[in-house]
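Novice:
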Amino acid sequence: MKLCTFQINNKFKLGLVKDKSIVDLSLIDPKFNTDMRTLLDNWDSINIELNQILKKKINNYYLDEVNIKAPINNPQKFLAMGLNYQKHVEEVRERGVQVSDYQLWFNKQVSCINGPFDNIEIPIVSVQLDYEVELAMVVGKKCRHLNIQEAKKSIAGFMICNDVSVRDWQFRTQTLTLGKSFDTHGPIGPFIITPDEIGNPHNLKIECRVNNEVRQSANTNDLLFSCYDQLVYLSKVMTLMPGDIISTGTPSGVGVAMTPQNFLKVNDIVKCNIENIGHIENKVVKEKF
1324 MKLCTFQINN KFKLGLVKDK SIVDLSLIDP KFNTDMRTLL DNWDSINIEL
1374 NQILKKKINN YYLDEVNIKA PINNPQKFLA MGLNYQKHVE EVRERGVQVS
1424 DYQLWFNKQV SCINGPFDNI EIPIVSVQLD YEVELAMVVG KKCRHLNIQE
1474 AKKSIAGFMI CNDVSVRDWQ FRTQTLTLGK SFDTHGPIGP FIITPDEIGN
1524 PHNLKIECRV NNEVRQSANT NDLLFSCYDQ LVYLSKVMTL MPGDIISTGT
1574 PSGVGVAMTP QNFLKVNDIV KCNIENIGHI ENKVVKEKF
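Below, the structure is given as structure tokens:
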């Protein structure tokens, strides 16, 4: 199942994606006239109902008739993991970065969330804008102190995240958060793909292109810590809530690690692809101020 948030006639709506069309859930039942986070609050029961709707011959819009927006724009938490692909670890070590044996986590402020096809802004205060294609999980239930099997069952779905980073601000402090949280620097989507449709999340091709040039290319089987390991680890610390976004790390090939460094520029097109999910594509523009 593919869940989306879309905009039509200046209204934001929830939808089910079927091939090249969308089922407008608000036309099925008024209770679906809500946002994705609220929908996920009752995920176990709603999931069954949505699958029943999916079987019906209902198509309200074609995908090209609507604007696909960020699937969820108001999570309680947007967490991202650093240094979770071996080759990425190697490329940052070459720059003198010390790497811990423990999972490295940081916050992306939820205000950075951006649509899958919306513009990314180069901030006024920096030119060191970089890309990071990542597989992201969306939590489907309130959970704490998970084991591996519970972690598997806690995932509502998967999507693409471009963990856009402002490198000079990122490396000013050890927390990373400021350099990861500029407005527009959290493009996600295009849809939330449920686990039954994604297949094995640890065997997906993952790629980032800039102006159609391949910059990152890997497979999620290269993750040092699996999706489930990450959820188990985080749940030791905090209660995970429905709608929380957990981004799992980026492969090697980031611009900051190139020689010479190769940062994004105005009018660049950044396209992130993950197998069984699709792609997000964002144009780089100057920040409006």
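Sequential numbering of the sequence shown, starting at 1324, is according to our numbering. Beta carbons: idealized from backbone N, C-alpha and C, even for Gly.
Since Ile1592 and Lys1609 should fall inside the 8 Å C-beta cutoff, what is the C-beta to C-beta distance between them, to a whole number of angstroms?
Specialist: Looking up residue 1592 in the sequence shown gives position 269. Looking up residue 1609 in the sequence shown gives position 286. No, Ile1592 and Lys1609 are not in contact; Cβ-Cβ is about 15 Å, not under 8 Å.
Novice: One question on the structure: do Ile1304 and Phe1440 come within less than 8 Å of each other, judged by their Cβ atoms?
Specialist: Residue 1304 falls outside the range modelled here, since the chain spans only 1324 to 1612, and no answer is possible.
Novice: Return the chain-ordered list of same chain residues with a C-beta closer than 8 Å to the C-beta of Leu1499, the five sequence neighbours on each side being excluded.
Specialist: In the sequence shown, residue 1499 corresponds to position 176, counting from 1. Excluding sequence neighbours, Leu1499 sits near Gly1405, Phe1429 and Gln1493.
Novice: If I measure Cβ to Cβ from Asn1544 and keep anything under 6 Å in the same chain, skipping five residues before and after, which residues do I get?
Specialist: As a working mapping, residue 1544 is identified with position 221 in the sequence shown. Correct list, in chain order: His1525 and Asn1526.
Novice: Pick from Val1420, Pro1513, Pro1398 and Ile1516: whose alpha carbon is nearest that of Leu1563?
Specialist: Numbered from its first residue, the sequence shown carries residue 1563 at position 240. With distances taken between Cα atoms, Leu1563 lies closest to Pro1398.
Novice: How do the region 1421–1428 and the region 1362–1372 stand: do at least 3 beta-carbon pairs fall below 8 Å, yes or no?
Specialist: Short answer: they don't touch.
Novice: Can you list, in chain order, the residues of its chain with a C-beta nearer than 7 Å to that of Val1389? Leave out the 5 residues immediately preceding and following it.
Specialist: As a working note, residue 1389 is residue 66 in the sequence shown. These residues qualify, in order along the chain: Phe1329, Gln1330, Ile1331 and Ile1345.
Novice: Counting only runs that start and end within the region 1360–1426, where is the alpha helix (DSSP H) found for 4 or more residues in a row?
Specialist: 1366–1377 and 1409–1416, all fully within the region 1360–1426.
Novice: For Ala1459, which of Ile1471, Arg1418 and Ile1600 has the nearest alpha-carbon?
Specialist: Looking up residue 1459 in the sequence shown gives position 136. Nearest option by C-alpha distance: Ile1600.
Novice: For a test of the three-state rule: what should DSSP assign to Leu1452, helix, strand or coil?
Specialist: On the sequence shown, position 129 is the one that residue 1452 refers to. The answer is strand: DSSP assigns Leu1452 an E or B state.
Novice: Report the option in Phe1335, Ile1376, Lys1343 and Ile1371 whose CA atom is closest to the CA atom of Asn1633.
Specialist: Since the first residue of the chain shown is 1324 and the last is 1612, residue 1633 is not available in this structure.
Novice: So what does His1525 bridge to, in DSSP terms?
Specialist: Counting from 1 along the sequence shown, the entry for residue 1525 is found at position 202. Beta-bridge pairing links His1525 to no other residue.
Novice: Tell me Ile1569's beta-bridge partners as DSSP assigns them.
Specialist: Position 246 of the sequence shown, counted from the start, is the residue given in the question as residue 1569. Bridge partners of Ile1569: Leu1402 and Met1460.
Novice: Mind checking which residues open and close the beta strand (DSSP E) that includes Ser1558?
Specialist: As a first step, residue 1558 is located in the sequence shown; it is residue number 235 there, counting from the start. First-last for Ser1558: Cys1550 to Ser1558, but that is the alpha helix (DSSP H), not the beta strand (DSSP E).
Novice: What did DSSP end up calling Gln1497 once you bin it into helix, strand or coil?
Specialist: Here the question's residue 1497 lines up with position 174 in the sequence shown. Three-state result, Gln1497: coil.
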